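Asker: Taken in sequence, the protein lines are chains A, B, C and D.
In terms of my numbering, the first sequence is residues 1 to 348.
In terms of my numbering, the second sequence is residues 1001 to 1348.
In terms of my numbering, the third sequence is residues 2001 to 2348.
In terms of my numbering, the fourth sequence is residues 3001 to 3348.
Beta carbons: idealized from backbone N, C-alpha and C, even for Gly.
Note that the structure is a prediction, hence the values are computed from the model and not measured.
Dropping a structure here in structure tokens format, bear with me for questions.
Number of protein chains: 4
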Amino acid sequence: MFFASDNATGAAPEVMAAIAEAEAGYAMPYGNDPLTERAQARVREVFEAPNAAVYFVATGTAANALALASHCPPWGTVFCHKGSHIEEDECAAPEFFTGGAKLTLLEGQDAKVSHDALQAAMASTARRGVHQVQGGAISVTQATEMGAAYSVEEVRALTSLARKARLPVHMDGTRLANVLARMNVTPAEMTWKSGVDVLCLGATKNGTMAAEAVILFDPERAWEFELRRKRGGHLFSKMRLLSAQMEAYLTDDLWLRLAAQSNGMADRLADGLRAAGVLIENQVGANMLFPRIRLDQHRRLQGAGARYYPWTDFDPDGPDDATVGIRLVTNFRTTEEEIDKFLDVLAA
Amino acid sequence: MFFASDNATGAAPEVMAAIAEAEAGYAMPYGNDPLTERAQARVREVFEAPNAAVYFVATGTAANALALASHCPPWGTVFCHKGSHIEEDECAAPEFFTGGAKLTLLEGQDAKVSHDALQAAMASTARRGVHQVQGGAISVTQATEMGAAYSVEEVRALTSLARKARLPVHMDGTRLANVLARMNVTPAEMTWKSGVDVLCLGATKNGTMAAEAVILFDPERAWEFELRRKRGGHLFSKMRLLSAQMEAYLTDDLWLRLAAQSNGMADRLADGLRAAGVLIENQVGANMLFPRIRLDQHRRLQGAGARYYPWTDFDPDGPDDATVGIRLVTNFRTTEEEIDKFLDVLAA
Amino acid sequence: MFFASDNATGAAPEVMAAIAEAEAGYAMPYGNDPLTERAQARVREVFEAPNAAVYFVATGTAANALALASHCPPWGTVFCHKGSHIEEDECAAPEFFTGGAKLTLLEGQDAKVSHDALQAAMASTARRGVHQVQGGAISVTQATEMGAAYSVEEVRALTSLARKARLPVHMDGTRLANVLARMNVTPAEMTWKSGVDVLCLGATKNGTMAAEAVILFDPERAWEFELRRKRGGHLFSKMRLLSAQMEAYLTDDLWLRLAAQSNGMADRLADGLRAAGVLIENQVGANMLFPRIRLDQHRRLQGAGARYYPWTDFDPDGPDDATVGIRLVTNFRTTEEEIDKFLDVLAA
Amino acid sequence: MFFASDNATGAAPEVMAAIAEAEAGYAMPYGNDPLTERAQARVREVFEAPNAAVYFVATGTAANALALASHCPPWGTVFCHKGSHIEEDECAAPEFFTGGAKLTLLEGQDAKVSHDALQAAMASTARRGVHQVQGGAISVTQATEMGAAYSVEEVRALTSLARKARLPVHMDGTRLANVLARMNVTPAEMTWKSGVDVLCLGATKNGTMAAEAVILFDPERAWEFELRRKRGGHLFSKMRLLSAQMEAYLTDDLWLRLAAQSNGMADRLADGLRAAGVLIENQVGANMLFPRIRLDQHRRLQGAGARYYPWTDFDPDGPDDATVGIRLVTNFRTTEEEIDKFLDVLAA
């Protein structure tokens, strides 16, 4: 019953096999190898973006920080949700990599940037002079930190604001696969066709060991990105071992199949919770649920060894019928048995 | 006949097996898992350093830059050899991570920092006031970029200068295993017992996929290091997959056995070259040779598919008896057959 | 009728005379001169802080950014009001000088940091791990950007939170003189005796040409500050010309007399406005008023050449009885005639 | 007998008068005032550069660091002389402002960048890949730290290398006035007409209190420069007080007259030294002499209160006929009496 995070499991067998195959023999280092070329081509194909510049790094924070630094100057601000990963969980990596830019924190339901909040913040910034930071970039997270998904229309509404202001759009796609697996939308439609300039395509939470792709749909800043990656310490000598992961991940829709598996388990869990009368507080757009349970349920689950994080403050010594908001994350290895046991403990 | 670098092969079978085993099941992310604890304990044991703070990252540049930033202030200078990796091959990562420190470049045979050069540079810096950068740290590379090894006595001569000036000593130990495998010296004697404060222990060139250890023998700056690692994007969620590599690498002397294998091949190659009348220009302290060969030899080797880098400028259309300095690096997978074939082609 | 800012006039005659005297003859550069020593001693005396380290710079942004960088690490956050100068008007200078720290923006009436907001934000930060920025520093502005003043008790309530968390307290004292001139409180009581660790003492808005003092009540970080000042380009060769300004400014209570003059004009203006039925929306703690006037009044004032900034959005073509919030700042050269003319135009 | 530096005196009477006049009345802050506009126009006129963007700052280090940061990316290197001010005397301000760029240190007689050294260094850098810093900018100092002057031809030889590599050229013109006053060359010929892209025009050492101009001959990076200046804390609220200095300085050739006065005193001193058999070791291109004197002469001069810096290491207890290299700097207030007294003491 492990629902603490989707970053706590291993890698898909196809990915492990690809690594094992790739590590044999010699290959030129730092990405100058055929496997890396192949994996980059695979990304371009999946995203229908033949001119995109594609790079692999090993952590989501590195991907985001390098992408933002390549698109937002030191005197710029990144418009993003106040609960976004780049604000809350990267220990100021964006500020470090950009050389001291700011993040402008926006409101919005389910950790989605609200169109009106963005518009207002951008309008306020647009009137600014030399004493204030300038508009730098817009960042959206798909799915959000609250497990919600932007529709294509919602993405476009935000990116059209960006385009009018000539600001680039960054998408933190840590759980993009989970979103796409729930929608009848192509990767291209959800990203560059909807105005996204640079995508951080997560994979580590959904089947790779440690591999993320940064996709610059406009390759103009590709060389700058490469230099930033190197001096950030993120250029791997044995790059092909990252490339092998990404190639396997994107082959035969593995990424979407893994995400669908994970989403399905989230749905099974959601159904069971709702049947038990539990309120799920977020729009479920990926593999994360934010239910509010009673303390007696929480205590039983903890006692039975269920792993998850409380999301709201609560008094551990409170009465049984007090409630606590919790976060439940499924992953591609979650089993029906885990789900059913969780629901049983909750109910009993 | 691949002698271009030791970063172009894969990982040792023991390391691959450890990864495969570690990836099963769940483990808390970001290093909060038993395997990481075990691997850290293994490092402390190997280095006889029970209080050391031990961290794993995936690239040598990350290890060096984070280690230096944790020990040298933005207004400091790192004394190092002018040909060191931190100066020549990291695209100013140390400058980036420190927030704008300098590197003071020193002379020295075989890329070893000369005691006299260090002493003179430190003396000059010690007289400085607010207009100049201050002494920040000393950095030595073991083995050096020219494949030479510092003796324990040489390390101590440098670190005693550092101690007098109260400056910390960083050792870039990318090929420390190769050095130790050639000497009757313990890891502790070569490092903290000789005055090294922070060691970047390379492993990726000698049997891991992508795993390096940073060892802070004085744990005082451990928390700072952790924060720098995180905001540098170098804190892996599936840390245990790095830890697994490092544990396997340091178990049953695997690291020293792999290095000895690699060194042995370098020796076989050196013997053959000398027998063929070729001058080897560096002190051979690890697994790298810098021979000077004739252009006709170079052309034959290239024609036969041998992979290595020229080290000196030369005229590709020059006469047969002109010479070129080349760099030959063996690795733990280099075979006797490769060596012998190389020597045959050279001779024929 | 110039009420746009207090940074738009010149320097007091005593200050100009001091510069003229100081510029004669030779003096060792970079502050190694007797006049600088004397001015530093004067600051220490005025603040009853014999051990304080005292430095002079030429702009308030430089003072704040250097002070914060010397007290908040790159992975820290500065707790401050969301409308503070360091957030709103320094183009991310704090982020630049600290190497990428954050600012945590707090609410509070009249741009004063609310005790409860600070307590809540600090509590939230205190539970953080390596993924989040750490508590770095607390910054308060005296008087605030809304012209209000913290009482000694209010300062102490905030600094006691800081002390519990072992965080340093920065005071942006751009208009500290105006506050002190209104209270029966000594400079020491308002600052270090109330828990302030580093004070940026403004002077440029109140009688000097371009001179601010940074006072480190705890001199432990003095040398770091000096190095940061130098590499920030803020160490003046002809430092004595700054020192002369500061010495004159602090001699015979000139600073308090100038501030009292400015405050008196603000009071006269406030009285007149209130008599005319105008609401003044801020607590008046210094020399700034935020009245809300009608558009017909605004139009008459503009027509008569009055200089001030609107503070709220408004429709320039709106009806006469619509209102606009404006900011009026007096300075040490403001005359009764200016005030009375302004009130006449408003009323007519 | 003050020859320690030209930054240790005050300001010319014309400059002081201009400040006194400018400080009266009100003016919009931050350079939005008519006087600043006039001073900028004056600079453009003197340099025959109608499109140049012109900014005023208060220190040479600020001018250099901001100019370099606006022209060299964080992953670039600035080619400069190893003894240049930006390397030796700015405590890594260029590294700080650029966000971690490098300086590539070049040899050259009298602290002039040697054409061959620059060519070799640039050629070496041009072959570099992602592992190394890229060519960023070329920086020359006019006059050099050794008091020598580049001829127009020498400047052009260097800038033509820059142009081929599409790298911008920065001139640190701290003592440009002294050079121009010795040559029959216009300011334009010495700078943009010879390929200089950005000039830091010193004035503080030659007659202003604290005012330097940064001239971007190509205004493309003007807005970036303004933002960097602001966030560096170098945008003065009472900008007109800097502008007034610069306008007066450039009016009626004051800057050249002051420099000529200073140069003339250096010549008188040089003549006297040579007549006394003293070797002057530098090419005298400005107002600085580097003579080598005997220890008995040094002792007499010190005893008589002469102020200057030794330039070479020497044993203070050495024999009378040992020698020491010293640096003598004249300034616009140096008198014939000072010179003659110095020569008398030396001779006696």
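Using a C-beta to C-beta distance shorter than 7 angstroms, which residues of chain A count as neighbours of Val-2133 (chain C)?
Answerer: Translated into positions along the third sequence, residue 2133 (chain C) becomes position 133. Chain A residues near Val-2133 (chain C): Cys-91 and Ala-92.
Asker: Would you mind working out which of D:Ala-3213, D:Asp-3296, D:Val-3152 and D:Ala-3259 sits nearest Gly-3207 (chain D), comparing C-alpha positions?
Answerer: If you number the fourth sequence from 1, residue 3207 (chain D) lands on position 207. Minimum Cα distance to Gly-3207 (chain D) is reached at D:Ala-3259.
Asker: Give the DSSP bridge partners of Lys-3102 (chain D), in chain order.
Answerer: Here the question's residue 3102 (chain D) lines up with position 102 in the fourth sequence. For Lys-3102 (chain D), which the question treats as bridged, DSSP gives the partners D:Thr-3077.
Asker: If we cut at 7 angstroms on Cβ distances, does Glu-145 (chain A) have a partner in chain C?
Answerer: Residue 145 (chain A) sits at position 145 when you count from the first residue of the first sequence. No, its Cβ sits nowhere closer than 7 angstroms to a Cβ of chain C.
Asker: Output the distance between the C-alpha atoms of Gly-3135 (chain D) and Glu-224 (chain A), rounded to the nearest integer angstrom.
Answerer: Here residue 3135 (chain D) is taken as the residue at index 135 of the fourth sequence, counted from 1. Here residue 224 (chain A) is taken as the residue at index 224 of the first sequence, counted from 1. Roughly 13 angstroms separates the two Cα atoms.
Asker: With a cut-off of 8 angstroms, do at least 3 Cβ pairs link the segment 45-61 of chain A to the segment 229-242 of chain A?
Answerer: With the cut-off at 8 angstroms, the segment 45-61 of chain A and the segment 229-242 of chain A touch.
Asker: Using a Cβ cut-off of 7 angstroms (strictly closer), state whether Ala-11 (chain A) contacts chain B.
Answerer: As a first step, residue 11 (chain A) must be located in the first sequence, where it is residue number 11. So yes, Ala-11 (chain A) belongs to the interface.
Asker: Anything in the segment 2018-2049 of chain C with a Cβ closer than 7 angstroms to a Cβ of chain D? List those residues in chain order, please.
Answerer: If the cut-off is 7 angstroms between Cβ atoms, the segment 2018-2049 of chain C has Ala-2020, Glu-2023, Ala-2024, Tyr-2026, Ala-2027, Met-2028 and Pro-2029 near chain D.
Asker: If you draw a straight line from the C-alpha of Ala-3306 (chain D) to the C-alpha of Ala-3286 (chain D), how long is it?
Answerer: Mapped onto the fourth sequence, residue 3306 (chain D) falls at position 306. Mapped onto the fourth sequence, residue 3286 (chain D) falls at position 286. Distance between the alpha carbons of Ala-3306 (chain D) and Ala-3286 (chain D): 21 angstroms.
Asker: Would a check of beta-carbon distances place Lys-2230 (chain C) closer than 7 angstroms to chain B?
Answerer: Translated into the one-based positions of the third sequence, residue 2230 (chain C) becomes position 230. Answer yes: the Cβ-Cβ gap between Lys-2230 (chain C) and chain B drops below 7 angstroms somewhere.
Asker: Can you list the residues of chain C that Pro-74 (chain A) reaches, using a CB-CB cut of under 9 angstroms?
Answerer: Your numbering for residue 74 (chain A) matches position 74 in the first sequence. Going along chain C in sequence order, the residues near Pro-74 (chain A) (Cβ under 9 angstroms) are Ala-2092, Glu-2095 and Phe-2096.
Asker: 7 angstroms is my cut-off, CB to CB: does Glu-226 (chain A) come that close to chain D?
Answerer: In the first sequence, counting from the first residue as 1, residue 226 (chain A) sits at position 226. Chain D, which has a Cβ nearer than 7 angstroms to the Cβ of Glu-226 (chain A), makes this yes.
Asker: Would you give the residue range spanned by the beta strand (DSSP E) that Glu-212 (chain A) belongs to?
Answerer: In the first sequence, counting from the first residue as 1, residue 212 (chain A) sits at position 212. Here the beta strand (DSSP E) through Glu-212 (chain A) covers 212-216.
Asker: Look up Asp-2320 (chain C) in the DSSP assignment and say whether it is helix, strand or coil.
Answerer: Start at 1 with the first residue of the third sequence, and residue 2320 (chain C) comes out as number 320. In this structure, Asp-2320 (chain C) counts as coil in the three-state DSSP scheme.
Asker: Where does the unbroken alpha helix (DSSP H) through Leu-256 (chain A) begin, and where does it stop?
Answerer: Indexing the first sequence from 1 puts residue 256 (chain A) at position 256. Residues 254-275.
Asker: Kindly list, in the order they appear in chain C, the residues whose Cβ is closer than 9 angstroms to that of Val-130 (chain A).
Answerer: Stepping through the first sequence from its first residue, residue 130 (chain A) is reached at position 130. Neighbours of Val-130 (chain A) on chain C, chain order: Cys-2091.
Asker: Anyone know if the C-beta pair for Glu-1226 (chain B) and Ala-1063 (chain B) falls short of 7 angstroms?
Answerer: By one-based count along the second sequence, residue 1226 (chain B) stands at place 226. By one-based count along the second sequence, residue 1063 (chain B) stands at place 63. In this structure, Ala-1063 (chain B) does not lie closer than 7 angstroms to Glu-1226 (chain B) by Cβ.
Asker: Please classify Gln-134 (chain A): does DSSP put it in a helix, a strand, or coil?
Answerer: On the first sequence, residue 134 (chain A) is found 134 positions in, with the first residue counted as 1. Correct three-state label for Gln-134 (chain A): strand.
Asker: Thinking C-alpha only, which one of A:Arg-42, A:Met-16 and A:Asp-6 is nearest Asp-252 (chain A)?
Answerer: In the first sequence, the residue the question calls residue 252 (chain A) occupies position 252. Looking at the Cα atoms, A:Arg-42 is the closest of the given residues.
Asker: If you draw a straight line from the C-alpha of Asp-3296 (chain D) to the C-alpha of Val-1169 (chain B), how long is it?
Answerer: Working through the fourth sequence from its first residue, we reach residue 3296 (chain D) at position 296. Working through the second sequence from its first residue, we reach residue 1169 (chain B) at position 169. Whole-angstrom Cα-Cα distance: 43 angstroms.
Asker: Return the bridge partner residues of Met-2171 (chain C) from the DSSP annotation.
Answerer: As a position in the third sequence, residue 2171 (chain C) is number 171, starting the count at 1. DSSP output for Met-2171 (chain C) lists C:Val-2140 and C:Leu-2199 as bridge partner(s).
Asker: Per DSSP, Pro-3291 (chain D) is paired with what?
Answerer: Position 291 of the fourth sequence, counted from the first residue, corresponds to residue 3291 (chain D). Beta-bridge pairing links Pro-3291 (chain D) to D:Ile-3280.
Asker: Helix, strand or coil for Arg-2228 (chain C)? Go by DSSP, reduced to three states.
Answerer: As a first step, residue 2228 (chain C) must be located in the third sequence, where it is residue number 228. The answer is helix: DSSP assigns Arg-2228 (chain C) an H, G or I state.
Asker: Could you list which residues in chain D have their beta carbon closer than 8 angstroms to that of Gly-99 (chain A), in chain order?
Answerer: One-based indexing of the first sequence puts residue 99 (chain A) at position 99. Going along chain D in sequence order, the residues near Gly-99 (chain A) (Cβ under 8 angstroms) are Pro-3074 and Gly-3099.
Asker: Does the pairing of the segment 1313-1320 of chain B with the segment 3195-3210 of chain D give three or more beta-carbon distances under 8 angstroms?
Answerer: Output reads no: the segment 3195-3210 of chain D does not touch the segment 1313-1320 of chain B.
Asker: Quick check on DSSP: helix, strand or coil for Gly-2305 (chain C)?
Answerer: Counted from its first residue, the third sequence places residue 2305 (chain C) at position 305. Here Gly-2305 (chain C) sits in coil by DSSP.
Asker: Ordered along the chain, which non-local residues of its own chain (more than five positions away) have a Cβ less than 6 angstroms from that of Ile-3104 (chain D)?
Answerer: Sequence index remark: in the fourth sequence, residue 3104 (chain D) carries index 104 (1-based). A small fix is needed here, since residue 3104 (chain D) is Thr in this sequence, not Ile. Taken in chain order, the residues that qualify are Thr-3077, Phe-3079 and Ala-3121.
Asker: Which chain B residues are close to Lys-3102 (chain D), counting only those with a beta carbon under 7 angstroms from its beta carbon?
Answerer: Position 102 of the fourth sequence, counted from the first residue, corresponds to residue 3102 (chain D). By Cβ distance, chain B contributes Ala-1092 and Glu-1095.
Asker: Using a C-beta cutoff of 7 angstroms, does Gly-3305 (chain D) count as contacting chain C?
Answerer: For this step, residue 3305 (chain D) is matched to residue 305 along the fourth sequence. Answer no: the Cβ-Cβ gap between Gly-3305 (chain D) and chain C never drops below 7 angstroms.
Asker: Leu-269 (chain A) touches chain B at which residues, Cβ-Cβ below 8 angstroms?
Answerer: By one-based count along the first sequence, residue 269 (chain A) stands at place 269. Here the premise fails: no neighbours, minimum Cβ distance about 16 angstroms.
Asker: To the nearest angstrom, how far is it from the Cα of Phe-217 (chain A) to the Cα of Ala-188 (chain A)?
Answerer: Translated into positions along the first sequence, residue 217 (chain A) becomes position 217. Translated into positions along the first sequence, residue 188 (chain A) becomes position 188. Cα-Cα distance, rounded: 10 angstroms.
Asker: On the three-pair Cβ rule with 8 angstroms, is the segment 2275-2295 of chain C touching the segment 2322-2333 of chain C?
Answerer: Yes, the segment 2275-2295 of chain C touches the segment 2322-2333 of chain C.
Asker: How far does the alpha helix (DSSP H) with Ala-2069 (chain C) in it reach, from first residue to last?
Answerer: If you number the third sequence from 1, residue 2069 (chain C) lands on position 69. Residues 2060-2069.
Asker: Would you give the residue range spanned by the alpha helix (DSSP H) that Tyr-1030 (chain B) belongs to?
Answerer: Stepping through the second sequence from its first residue, residue 1030 (chain B) is reached at position 30. Taken as a continuous stretch (DSSP letters only), Tyr-1030 (chain B) belongs to no alpha helix (DSSP H), as it is neither H nor E.
Asker: Exposed or buried, which one is Asn-2032 (chain C) when buried takes at least 16 other CB atoms within 10 Å?
Answerer: Your numbering for residue 2032 (chain C) matches position 32 in the third sequence. Per the 10 Å Cβ criterion, exposed.
Asker: Glu-107 (chain A) touches chain C at which residues, Cβ-Cβ below 9 angstroms?
Answerer: Position 107 of the first sequence, counting from 1, holds the residue named residue 107 (chain A). The premise fails here: Glu-107 (chain A) is roughly 13 angstroms from chain C at the closest Cβ pair, so nothing lies under 9 angstroms.
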